Ligand SMILES: *Cc1c(COP(=O)(O)O)cnc(C)c1O
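Residue numbers (the UniProt record's numbering): 1 to 425.
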């Protein structure tokens, strides 16, 4: 059979789309479902209550679009939003988001004055405190800060040795009306491995840090420690608030528990369509370096996503969903494309058929691509490139329209048909 030709001339329908069908599929898209984000926030909030929930929307909302993610998180009941950088928090304010915001990773170039003006709370690990106090003084407006203690992660945060000095400075600036300490926080190193005792050690150091703070008359309302793995595995780390990211986007931080096990729904489906199909003989080499050769006559599907789109170049034998069946990638991922072995010479896969890399109804998780590339689901979802448009499709709204009911509380981000990506993708 020749497979060069007009697919519309064949009798078979060109595509059979998965359940999350889109009226006009884009050439490639990360389809973002705010309903999944709302569901995941509600799930985590009910699990950790009465603790509050800060949703991390750094790194463009873990690749989902910062504003889309932030709005959906707030609709799902998030109390706070968090970003690494002040510049990321400012983007949310510009988009009209008024919720409490915390930014915690700063450099000498950070615009602390803008943060204070835009009522963005600032994580403080040490040196920043003087810069923040100076900005507050010139604005005649106190900064709201959360002091960060390094309880063992060895990354950002104040060491326990320097903690008393940071507390002394904070108390002094607070007395002068230049700042108010709203929170004390730390970050866990191994909460994704719940049996490791380093988490106990970290919590012990944290409690000691709280006692020292109290001795300096610093007793903030918001003690916060747990990330997603801590929220699920360490109730003793919930304190007044948890800071969750990956779980909100519907992914598990644990190696041995899936998102489904945790009651979470992936909020991103990465999809495209087959760009080419060809039959090849035994021995055909695949892609740069010819690192793979087929061991029987077969056919190959070309997938128009590559490392420039965030598909890891090192991924091999990664799962790919085409028309309801699972196949495996072969050979090196190139900048714009990679190849899937369809396993047989006579295939019903055609140019234009739907392809899902992960998410949706494919049953493939970002974690599966993580395994194929020697990395984790966090990296897979956050590295999707700018060339891939984020298309927001609210599954609650789509379902409502399908049954003819009119949703009453439509979010501005929601649409039953693809909308342009919100904010920089
Ligand atoms: C990113 C981040 C989080 C969220 O971590 P997840 O594992 O994605 O839940 C929490 N706290 C801090 C300080 C972070 O940088």
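Heads up, the beta-carbon is just placed ideally off N, CA and C, and yes, glycines get one too. Since this is a predicted model, take the numbers as computed values, not measurements.
Euclidean distance between Cα positions of residue i and residue j
| i | j | result |
| --- | --- | --- |
| residue 267 | residue 38 | 9 Å |
| residue 380 | residue 189 | 20 Å |
| residue 50 | residue 339 | 49 Å |
| residue 385 | residue 85 | 20 Å |
| residue 269 | residue 138 | 47 Å |
| residue 346 | residue 271 | 24 Å |
| residue 119 | residue 113 | 10 Å |
| residue 80 | residue 396 | 24 Å |
| residue 132 | residue 325 | 55 Å |
| residue 129 | residue 169 | 8 Å |
| residue 356 | residue 244 | 27 Å |
| residue 179 | residue 322 | 56 Å |
| residue 218 | residue 182 | 9 Å |
| residue 226 | residue 332 | 38 Å |
| residue 102 | residue 123 | 7 Å |
| residue 43 | residue 334 | 38 Å |
| residue 200 | residue 214 | 21 Å |
| residue 428 | residue 275 | There is simply no residue 428 to check, as the chain begins at 1 and stops at 425 in what is shown. |
| residue 311 | residue 359 | 14 Å |
| residue 72 | residue 63 | 14 Å |
| residue 195 | residue 228 | 16 Å |
| residue 206 | residue 368 | 35 Å |
| residue 165 | residue 65 | 39 Å |
| residue 167 | residue 186 | 15 Å |
| residue 361 | residue 191 | 29 Å |
| residue 394 | residue 32 | 8 Å |
| residue 82 | residue 327 | 38 Å |
| residue 174 | residue 193 | 38 Å |
Cβ separation of residue i and residue j, assumed to be a contact under 8 Å, to the nearest whole Å
| i | j | result |
| --- | --- | --- |
| residue 121 | residue 144 | 4 Å |
| residue 142 | residue 96 | Contact doesn't hold; Cβ gap of about 24 Å is too wide. |
| residue 255 | residue 318 | The Cβ separation is near 18 Å, so there is no contact. |
| residue 238 | residue 231 | 7 Å |
| residue 57 | residue 70 | 5 Å |
| residue 353 | residue 308 | About 23 Å; that fails the 8 Å criterion. |
| residue 222 | residue 240 | 5 Å |
| residue 301 | residue 262 | No, residue 301 and residue 262 are not in contact; Cβ-Cβ is about 33 Å, not under 8 Å. |
Exposed unless 16 or more other CB atoms sit within 10 angstroms - verdict on residue i
| i | result |
| --- | --- |
| residue 127 | exposed |
| residue 135 | buried |
| residue 251 | buried |
| residue 284 | buried |
| residue 28 | buried |
| residue 299 | buried |
| residue 154 | exposed |
| residue 235 | exposed |
| residue 391 | buried |
| residue 46 | exposed |
| residue 55 | buried |
| residue 260 | exposed |
| residue 374 | exposed |
| residue 265 | buried |
| residue 68 | buried |
| residue 429 | In this structure the chain extends from 1 to 425, so residue 429 is not present and cannot be described. |
| residue 98 | exposed |
| residue 152 | buried |
| residue 290 | exposed |
| residue 220 | buried |
Where residue i falls: helix, strand or coil (DSSP)
| i | result |
| --- | --- |
| residue 164 | helix |
| residue 376 | coil |
| residue 395 | helix |
| residue 141 | coil |
| residue 186 | coil |
| residue 72 | helix |
| residue 348 | coil |
| residue 358 | strand |
| residue 56 | strand |
| residue 212 | helix |
| residue 406 | Because the pLDDT of residue 406 is 42, which lies under 50, any placement of that residue in the model is unreliable, and the question is left without a value. |
| residue 180 | strand |
| residue 40 | helix |
| residue 334 | coil |
| residue 435 | This structure leaves residue 435 out entirely; the chain is present only between 1 and 425. |
| residue 128 | helix |
| residue 299 | strand |
| residue 256 | coil |
| residue 285 | strand |
**Q.** For ligand 1, residues whose Cβ lies under 7 Å from any non-hydrogen atom
**A.** 56, 58, 82, 84, 104, 187, 227, 228, 229, 243, 244, 245, 246, 247, 253, 378
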